[in-house]
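Some notes on the structure that comes next.
Protein chains in written order, with my numbering: chain A, 61 to 502; chain B, 4 to 368.
Written as structure tokens, this is what we have:
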């Protein structure tokens, strides 16, 4: 009870927001319905994200597939900004076994967006955008983990998550005719790569008793870079030869490292209560500002430029205004009730809550990284059918969730009255709904 | 039946997984003063970005007024200076889409609604500034270095005040008048290469306002920018280091509840040869009095001697908030058969939105 009170007190002090699609919207309907508070209690495929150590608790081979959709209704000055929904297939597998008599499990977790595998946007730093919802959640997630349980009260797990960076090159060569543009003859070559990057995640779970368990999870930091090169070399109407090199380098998405401290209590045979605290190192955040390095060389032709033609000049380099973000602790609380628990079937009810205080400092200057505190209330239901056919020996689980996130409207005020964006209000809400079907073999 | 249901289910799932273009930048917040982009091909009839163009009338110095009370209407009335019978007078035209003005097509000529006919006015009128006051339209204008006022109930037939409503020992030009939310009137005007401010309770009796009462001189709210000497590589010098003028006063209450005193203006910089170059700038302050802060970037810079901004705004879509579409009218250089002459062009904000094709010209003035 004292541990519970301590956790609740810590929740009152802390705060935050989220990162990639799983950080923001969770993974698997059961975990989402519990408000993401499941690191000390997880034992299904969602352990690939919440706590790899939980994989070692699996009772048999498990296959899961599900779908979720999160729709944003985020507004500035009362107008919906059209932030894209995040939707796609979630799933995974857990394959348990024994190695040298030690329980062991392998797990795979996947979130496959159905709109786009990844999205790249390098915006001007002045352009308003919902920094934690607009772009960063539009990407693929893949994790592979291993877990062992050297003793019944201890599970250890770890693995890698995979993301992809973007690199590209555009070469344009040929002749440009200023006087008759349609007579220009230009050759284009494009070379683009999505390069894989990996970041680690580790987890440990300790069962203090049959009723109480603790968990500690670490998720590594990663940054998805965007590197684009454009090279133009060509003859301009026989007057001169122009060379133009553009290098754009920016961080397209940055996921700060995280540490999760989780607790799970079985309050009774039917009721369990979970609480997680997630520390997120937002202060290390790298703003996704487009940084251009341009080299332009257009020597004037002999006799100077014809009348009416002015060669372009090189734009000044971008002066990046630092984005100040604060580390946050995000509390998650979830409760599960086994409403029906018959041998052949069962029904669970779940409820959860998460409070994510915005890590982004007030945008009083020229930048406009919009964010607001977020309160998320979740509900869910799970059904179980056991040994429902003579062919399949196991459980068929169907879980569903519904999450309502509220971002209370607040006002951003600018110091400079001549700011092109000016004061604005921002806020809104997000709906997240989905379901997961799991086949658990014995 | 089962197969049909299965097929329908597969089709629905397939539809749910079709990708789409990304968004996230719709109806973004803005101060309502650009930056603007000039209108392009299908957005206007004729040569873009010109919306009112006559080599004989030489349209310039526009001022815009919403034609309807409906904030979603794109019907706009434009008053502008034009050359008529050897003198500068003020004409009236209108458009249903904010762009296709009567007078834009051949054979149509907007009517003159104000010309110099008072003894104090001299021969020419300039710098019109129109606003609605109750059920009347007030038209302020400059003539002979002073500001006059004409009033109308229909926007066509105006009755002038017999004497200027505002004059100073030094000549003033380009008045722009707006009402604050409490009903008081404010005027921004140009004089001696700077922009000054005056106040009135009734729009008729005006007094000057000093932007800095701590000094004995009458201080402008905006002066020419000091020239920068330490430019970074590729950085351009400020566009308004020679003079500022043609103010357009656009006060508003921001979503934070603060009075924002916005001014668009013409900024002039000395050119290497020929007349000064110009661009449209933005300066503002929070509160009722004091100097303005300028944004170092112009809101419109086309290198065509653009000047004398006017703005018409409307509300598009389901938003219940302030106007979110902005049309900027300026006069700028148009190439004629033998010479360059001024004509009125248009620019639009937000820059990411393309307007639908222009509507037909109105049939009547």
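No residue lacks a Cβ here, since even glycine has one placed at the ideal position from N, Cα and C. All values reported here derive from a predicted model rather than from experimental measurement.
- Distances from the alpha-carbon of residue 245(A) to those of 424(A), 257(A), 309(A) and 296(A) put 296(A) closest.
- Take the alpha-carbon of residue 208(B) and the one of residue 168(B): they are about 6 angstroms apart.
- Rounded to whole angstroms, residue 280(A) and residue 110(A) show a C-alpha spacing of 13 angstroms.
- Short of 6 angstroms from the beta carbon of residue 392(A), and not among the five residues preceding or following it, lie these beta carbons of its own chain, in chain order: 95, 96, 97, 336 and 414.
- A direct Cα-Cα distance of roughly 30 angstroms separates residue 355(B) from residue 85(A).
- Counting along the chain, residue 82(A) sits inside the alpha helix (DSSP H) bounded by residues 81–85.
- At least one CB of chain A lies nearer than 8 angstroms to the CB of residue 36(B).
- Going by C-alpha positions, residue 290(A) is about 41 angstroms away from residue 251(B).
- In the DSSP assignment, residue 279(A) falls within the unbroken beta strand (DSSP E) covering 272–279.
- In the DSSP assignment, residue 500(A) falls within the unbroken beta strand (DSSP E) covering 484–501.
- In the DSSP secondary-structure assignment, residue 414(A) is bridged to 392(A) and 436(A).
- Among the residues facing chain A, residue 288(B) is included, as its CB has a counterpart in that chain under 8 angstroms away.
- In the structure shown, residue 89(A) falls within a helical segment according to DSSP collapsed to helix, strand and coil.
- Minimum Cα-Cα distance from residue 179(B) among the listed residues 191(B), 106(B), 331(B) and 257(B) corresponds to 191(B).
- Taking a cut-off of 8 angstroms on C-beta distances, the segment 145–153 of chain A does not touch the segment 479–489 of chain A, as fewer than three cross pairs fall below it.
- Taking 8 angstroms as the cut-off, the Cβ atoms of residue 206(B) and residue 105(B) do not count as close.
- Nearest neighbour of residue 227(B) by Cα position, chosen from 200(B), 57(B), 284(B) and 234(B), turns out to be 284(B).
- Per the DSSP secondary-structure output, residue 351(B) pairs in a beta bridge with 40(B) and 330(B).
- Taken through DSSP and simplified to helix, strand or coil, residue 470(A) comes out as strand.
- Restricting attention to 92(A), 83(A) and 157(A), the CA atom closest to the CA of residue 493(A) is found in 92(A).
- Straight-line spacing of the CA atoms in residue 90(B) and residue 299(B) works out to 37 angstroms.
- CA-CA distance, residue 430(A) to residue 200(A), rounds to 24 angstroms.
- Against chain B, a Cβ distance below 9 angstroms from residue 431(A) picks out nothing, because the smallest value is about 14 angstroms.
- The Cβ atoms of residue 307(A) and residue 185(A) lie no closer than 8 angstroms to each other.
- Assigned with DSSP and collapsed to three states, residue 114(A) falls in helix.
- Apart from the 5 residues on each side of it in sequence, residue 278(A) sits with its Cβ closer than 6 angstroms to the Cβ of 262 and 319 in its chain, given in chain order.
- Taken atom to atom, the span from the alpha-carbon of residue 67(B) to that of residue 272(B) is near 26 angstroms.
- Here the alpha carbon of residue 147(A) sits roughly 17 angstroms from the alpha carbon of residue 438(A).
- In the structure shown, residue 144(B) adopts extended strand secondary structure according to DSSP, grouped into three states.
- In this structure, DSSP gives residue 362(A) a state outside helix and strand, which the three-state scheme calls coil.
- Pairing residue 46(B) with residue 361(B) gives a Cβ-Cβ distance under 8 angstroms.
- The shortest C-alpha to C-alpha distance from residue 124(B) to any of 138(B), 74(B) and 176(B) is the one to 176(B).
- When rounded, the separation of the alpha-carbon atoms in residue 185(B) and residue 338(A) is 50 angstroms.
- Within the DSSP secondary-structure output, residue 211(A) pairs in a beta bridge with 214(A).
- Residue range 162–173 is occupied by the beta strand (DSSP E) that includes residue 166(A).
- The Cβ of residue 335(B) sits no closer than 8 angstroms to any Cβ of chain A.
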